[in-house]
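See below for the structure under consideration.
Numbering (the numbering used here), first residue to last: 317 to 636.
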């Protein structure tokens, strides 16, 4: 068995190959797995020839947000096992956003788990990922350094609510600039659950909200521009839009734990932090770990040192 990076994560067993989360639409591989609907993981949906595999929620969110239809795709349910060449593949919840999946890949000799982007705590819109035993674990390392540790989520929710109510009392219009998929819906749910403030959203976010509602996640919103008496949730890429003088902008990202100005961003992440990643590895009890994305070198070192498990960043493909 070979595992390597070739514009995506490739598993090769005796000539049978899978490519996980390819970073290009020009993938050379015939079968690709897409873990979730964030833009940095969905290039494979644009590939014409390969057979694509993703959860039905991931496909729906991608189509709603991008306005493009996905062809030649197998829509998976959590717990459903499919045969792909010499592999048996099962998708499980990874806790990251609606429909996000980690994949268990069974071969004749070993069981491999690829986490995709991973979240290990419950949120108002997702359930935590559950680790399970495997021989080989391929795990994301976005927050794979010891100083990247998040406060409790309930505490961050309280900070968000207190900030919004304070700004409205000051006659400001609070505007969150966040990822339109996943983070937006969590912020909206926080505001719906713990305040009576009306929520205005950008049309791109509302397209994704409709998919969440079809999954019985009720989100109460209005498609209107930010105005007095409302709190607004807008995509982070619209931050440079013209703003009124009474708008108060804020971000929500895990990287806020490193920011000095705590009024500008809330440390809310849909990823596991450093210690959550370590606990996930410990419970999975793999023989070998490959780290990918983010602080892959740091996380691999910590896994070796703290858990005594063979761990290394995923190697590049060797040609020739």
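Yeah, the Cβ is synthetic: ideal placement off N, Cα and C, and Gly gets one too. Quick caveat: nothing in here was measured; it's all calculated off a predicted structure.
Look up residue 612 in the DSSP assignment and say whether it is helix, strand or coil. Taking the chain shown and counting its residues from 1, one reaches residue 612 at position 296. Helix.
Alpha carbon to alpha carbon, what distance is there between residue 538 and residue 449? Numbered from 1 along the chain shown, position 133 holds the residue referred to as residue 449. Numbered from 1 along the chain shown, position 222 holds the residue referred to as residue 538. Cα atoms of residue 449 and residue 538: separation of roughly 44 Å, rounded to the nearest angstrom.
Run the CB neighbour count on residue 519, radius 10 Å, all protein chains shown included, and call it buried at 16 or more, exposed below. For the purposes of this step, residue 519 is taken as the residue at position 203 of the chain shown. With fewer than 16 Cβ atoms within 10 Å of its Cβ, residue 519 is classed as exposed.
DSSP state of residue 390, grouped into three classes? Taking the chain shown and counting its residues from 1, the one referred to as residue 390 is at position 74. Three-state result, residue 390: strand.
Look up residue 557 in the DSSP assignment and say whether it is helix, strand or coil. Locating residue 557 in the chain shown gives position 241, counting from the first residue. Residue state, collapsed to three classes: coil.
What is the residue span of the beta strand (DSSP E) that residue 332 lies within? For this step, residue 332 is matched to residue 16 along the chain shown. Note, residue 332: beta strand (DSSP E), 332-336.
With H, G and I counted as helix, E and B as strand and the rest as coil, what does DSSP make of residue 406? Counting from 1 along the chain shown, the entry for residue 406 is found at position 90. Residue 406 sits in a strand when the DSSP states are folded into three classes.
In whole angstroms, give me the CA-to-CA distance for residue 484 and residue 581. One-based indexing of the chain shown puts residue 484 at position 168. One-based indexing of the chain shown puts residue 581 at position 265. So the alpha carbons of these two residues sit roughly 17 Å apart.
With DSSP as the reference, label residue 349 as helix, strand or coil. Position 33 of the chain shown holds residue 349. Reduced to three states, the DSSP call for residue 349 is strand.
Could you spell out where the alpha helix (DSSP H) holding residue 470 opens and where it closes? Translated into the one-based positions of the chain shown, residue 470 becomes position 154. For residue 470, the uninterrupted alpha helix (DSSP H) run begins and ends at 469-485, by DSSP.
If you drop the 5 nearest sequence neighbours on each side, which residues of the same chain put their C-beta closer than 6 Å to that of residue 636? Within the chain shown, the letter at position 320 stands for residue 636. With a pLDDT of only 47 at residue 636, under 50, the local geometry of the prediction cannot be trusted, and the value read off the model is given with reservation. The beta carbon of residue 636 lies closer than 6 Å to none in the same chain, with the five residues before and after it left out.
Give me the Cα-Cα distance between residue 396 and residue 406, rounded to the nearest whole angstrom. For this step, residue 396 is matched to residue 80 along the chain shown. For this step, residue 406 is matched to residue 90 along the chain shown. Distance between the alpha carbons of residue 396 and residue 406: 6 Å.
Residue 331: which of 323, 347, 342 and 340 sits nearest, CA to CA? One-based indexing of the chain shown puts residue 331 at position 15. Looking at the Cα atoms, 347 is the closest of the given residues.
Would DSSP call residue 563 helix, strand or coil? What you label residue 563 is simply residue 247 of the chain shown in a count that begins at 1. Of the three classes helix, strand and coil, the one that applies to residue 563 here is strand, per DSSP.
Between the C-alpha atoms of residue 471 and residue 631, what's the straight-line distance to the nearest angstrom? Residue 471 sits at position 155 when you count from the first residue of the chain shown. Residue 631 sits at position 315 when you count from the first residue of the chain shown. Cα to Cα, residue 471 sits roughly 39 Å from residue 631.
Please determine if the stretch 367-379 and the stretch 388-403 are in contact, where contact requires at least 3 C-beta pairs separated by less than 8 Å. At 8 Å Cβ cutoff, the stretches touch.
What's the C-alpha gap between residue 307 and residue 545? Outside the modelled stretch of the chain, which goes from 317 to 636, sits residue 307, for which no answer is possible.
Do the CB positions of residue 594 and residue 623 come within less than 8 Å of each other? Walking along the chain shown from the start, residue 594 turns up at place 278. Walking along the chain shown from the start, residue 623 turns up at place 307. Yes, they are a contact pair.
Relative to the alpha-carbon of residue 333, which residue among 324, 341, 340 and 339 has its alpha-carbon at the smallest distance? Numbered from its first residue, the chain shown carries residue 333 at position 17. Looking at the Cα atoms, 324 is the closest of the given residues.
Spatial distance of residue 433 from residue 421 (CA atoms): For the purposes of this step, residue 433 is taken as the residue at position 117 of the chain shown. For the purposes of this step, residue 421 is taken as the residue at position 105 of the chain shown. Each residue's alpha carbon lies about 17 Å from the other.
Whole-angstrom C-beta distance between residue 370 and residue 400, which should lie under 8 Å: Within the chain shown, residue 400 is the residue found at index 84, counting from 1. Within the chain shown, residue 370 is the residue found at index 54, counting from 1. The pair is not a contact, with the Cβ atoms about 13 Å apart (cut-off 8 Å).
Measure the Cβ-Cβ separation of residue 453 and residue 531 and say whether it is below 8 Å. Here residue 453 is taken as the residue at index 137 of the chain shown, counted from 1. Here residue 531 is taken as the residue at index 215 of the chain shown, counted from 1. Using a Cβ distance threshold of 8 Å, residue 453 and residue 531 do not count as a contacting pair.
Close Cβ partners of residue 510 (< 6 Å) along its chain, the five nearest in sequence each way excluded: Residue numbering aside, residue 510 sits at position 194 when the chain shown is read from its first letter. Hits under 6 Å: 477.
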